[in-house]
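One structure is given below, encoded as structure tokens.
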Amino acid sequence: MTIERSLAAEGVTLGYGDRTIVDSLDLRVPAGRVTAIVGANACGKSTLLKAMARLLTPSSGQVLLDGKAIHRLPTKQVARVLGLLPQSPIAPDGIAVSDLVSRGRHPHQGALSRWTSADDAAVARALEATDVTHLADRPVDELSGGQRQRVWIAMALAQETDVLLLDEPTTFLDISHQIDVLDLLTDLNRERGTTVAMVLHDLNLAARYADHLVAMAQGQVIAAGDPGDVLTEDTVRRVFGLDSRVVPDPLTGRPMVIPIGRHHTVAEPEQAQTVSHR
Ligand SMILES: Nc1ncnc2c1ncn2[C@@H]1O[C@H](COP(=O)(O)OP(=O)(O)OP(=O)(O)O)[C@@H](O)[C@H]1O
Ligand SMILES: [Mg+2]
10 MTIERSLAAE GVTLGYGDRT IVDSLDLRVP AGRVTAIVGA NACGKSTLLK AMARLLTPSS
70 GQVLLDGKAI HRLPTKQVAR VLGLLPQSPI APDGIAVSDL VSRGRHPHQG ALSRWTSADD
130 AAVARALEAT DVTHLADRPV DELSGGQRQR VWIAMALAQE TDVLLLDEPT TFLDISHQID
190 VLDLLTDLNR ERGTTVAMVL HDLNLAARYA DHLVAMAQGQ VIAAGDPGDV LTEDTVRRVF
250 GLDSRVVPDP LTGRPMVIPI GRHHTVAEPE QAQTVSHR
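Sequential numbering from 10 applies to the sequence shown in our numbering.
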């Protein structure tokens, strides 16, 4: 069982050089829940996630892990508690899958402690959970985009942290593997209390899997809370500048966004029915 950990940003300002990307942003990642962050390209999602993982220092404000300023905690201590899957991770040239996933165990190795059977077991579990056991001996740079993405997820899982931050974990994955990964994160959350926060571009999957949904635009949080309250036609317009219909997902009742676009008009209800039954 993991410890349910909370993570929060308080008034954080983030940027690169003298360019500000995120300005005085407040964000709450509730302990033991699944949070999804959605927003348009370049609005600052990855920048925010990097700061939450202590890889980027805010120019003002702070990130709190269990109420303590994360930038004052030792790196290794943070790495044992919090794992990050970055948006575009880079593997060392020629590294084999099992070696890369094993690197997820580094935070658990002390200066003197050796690799143990517990480390082997954690790596094997992570490979199995992400359906890449059969690729264990292959070089990472020879894999398909989706296989590689699953290997990176395996590395993050092998770290066995109480908090898992994932930047677009479902990118490159076919629909079945997208669902596998999101189901897997839900299992971790429900069975071990892992606090999960992830950036997703698929609004419908975000609404389905998140307990807490955060919509960002231009470095600000526009709306946050229950997906049913956050994911409205108005939010989609404000965040993406896109007209849409939001209807209940027939399976779960969660919001489902149907984009409109320039080439499709809204059909009369009878017409839409006819089409759907053809
Ligand atoms: N290392 C960097 N140096 C300078 N500018 C950067 C750097 N990383 C990101 N930016 C800029 O910061 C802004 C926000 O980028 P960020 O990666 O946080 O966006 P995002 O919301 O994750 O977008 P996407 O959906 O495309 O991944 C962009 O304008 C980007 O060009
Ligand atoms: Mg990004």
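We treat Cβ as the ideally placed atom computed from N, Cα and C, and that holds for glycine.
Bear in mind that the values here come from a model prediction, so they are computed numbers and not experimental data.
Problem set entry | Straight-line Cα distance separating V172 from D63 | Taking the first residue of the sequence shown as 1, we reach residue 63 at position 54. Taking the first residue of the sequence shown as 1, we reach residue 172 at position 163. According to the sequence provided, residue 63 is Arg. The question's Asp does not apply to it. Those two C-alpha atoms are separated by around 13 angstroms.
Problem set entry | Chain-order list of residues whose beta-carbon lies under 7 angstroms from that of R287 (same chain, five-residue window excluded) | Along the sequence shown, one-based indexing puts residue 287 at 278. Because the pLDDT of R287 is 43, which lies under 50, any placement of that residue in the model is unreliable, and the number read from its coordinates should be weighed accordingly. None.
Exercise. Would you call the segment 87 to 106 and the segment 176 to 186 in contact, with 3 or more CB pairs under 8 angstroms?
Worked result: With a cut-off of 8 angstroms, the segment 176 to 186 and the segment 87 to 106 count as touching, because enough Cβ pairs lie within range.
Exercise. Taking buried to mean at least 16 other C-beta atoms within 10 Å of its own C-beta, is N198 buried or exposed?
Worked result: The residue given as residue 198 occupies position 189 in the sequence shown. Classified as buried, N198 has 16 or more neighbouring CB atoms from the shown chains inside 10 Å of its CB.
Exercise. In terms of DSSP beta bridges, what is M265 paired with?
Worked result: Within the sequence shown, residue 265 is the residue found at index 256, counting from 1. Bridge partners of M265: V256.
Exercise. Roughly how many whole angstroms lie between the Cα atoms of R263 and T244?
Worked result: Mapped onto the sequence shown, residue 263 falls at position 254. Mapped onto the sequence shown, residue 244 falls at position 235. Put simply, the backbone Cα of R263 is about 15 angstroms away from that of T244.
For this session: With a 10 Å radius around its C-beta and 16 neighbouring C-beta atoms as the bar for buried, classify S285 as buried or exposed.
Result: Within the sequence shown, residue 285 is the residue found at index 276, counting from 1. Below a pLDDT of 50, predicted positions are generally treated as unreliable, and S285, at 49, falls in that range; the measurement from the model is reported next regardless. Residue burial is scored here from C-beta neighbours: S285 has fewer than 16 other C-beta atoms within 10 angstroms and is therefore classed as exposed.
For this session: Run the proximity test for Q227: is its beta-carbon closer than 8 angstroms to any non-hydrogen atom belonging to ligand 2?
Result: Position 218 of the sequence shown holds residue 227. Q227: no, Cβ never under 8 angstroms from ligand 2.
Exercise. Which whole-angstrom value is the C-beta distance of L240 and A216, which I expect to be below 8 angstroms?
Worked result: Start at 1 with the first residue of the sequence shown, and residue 240 comes out as number 231. Start at 1 with the first residue of the sequence shown, and residue 216 comes out as number 207. Right, their Cβ atoms sit about 5 angstroms apart.
For this session: Have a look at the DSSP bridge pairing and note the partners of T301.
Result: The first residue shown for the chain is 10 and the last is 287, placing residue 301 beyond what the model contains.
For this session: With V149 as the anchor, note down where its beta strand (DSSP E) starts and where it stops.
Result: Sequence index remark: in the sequence shown, residue 149 carries index 140 (1-based). Per DSSP, V149 belongs to no beta strand (DSSP E) and is neither H nor E.
Problem set entry | Whether L58 touches I46 by CB criterion (9 angstroms) | Along the sequence shown, read from residue 1 onward, the residue named residue 58 stands at position 49. Along the sequence shown, read from residue 1 onward, the residue named residue 46 stands at position 37. Taking a C-beta distance under 9 angstroms as the contact criterion, L58 and I46 qualify as a contact pair.
Exercise. Is it a yes or a no for the segment 26 to 39 touching the segment 129 to 137, going by three-plus beta-carbon pairs under 8 angstroms?
Worked result: Here the segment 26 to 39 makes no contact with the segment 129 to 137; the two share fewer than three CB pairs at distances below 8 angstroms.
Problem set entry | Spatially closest choice to L73 from A60, I30, A17, A127, by CA coordinates | Here residue 73 refers to the residue found at position 64 when the sequence shown is read from its first residue. The shortest C-alpha separation from L73 is found at A17.
Problem set entry | Residues near ligand 1, criterion Cβ-heavy atom distance below 5 angstroms | With 5 angstroms as the limit, the residues whose C-beta approaches a heavy atom of ligand 1 more closely than that are Y25, I30, N50, A51, C52, G53, K54, S55, T56, in chain order.
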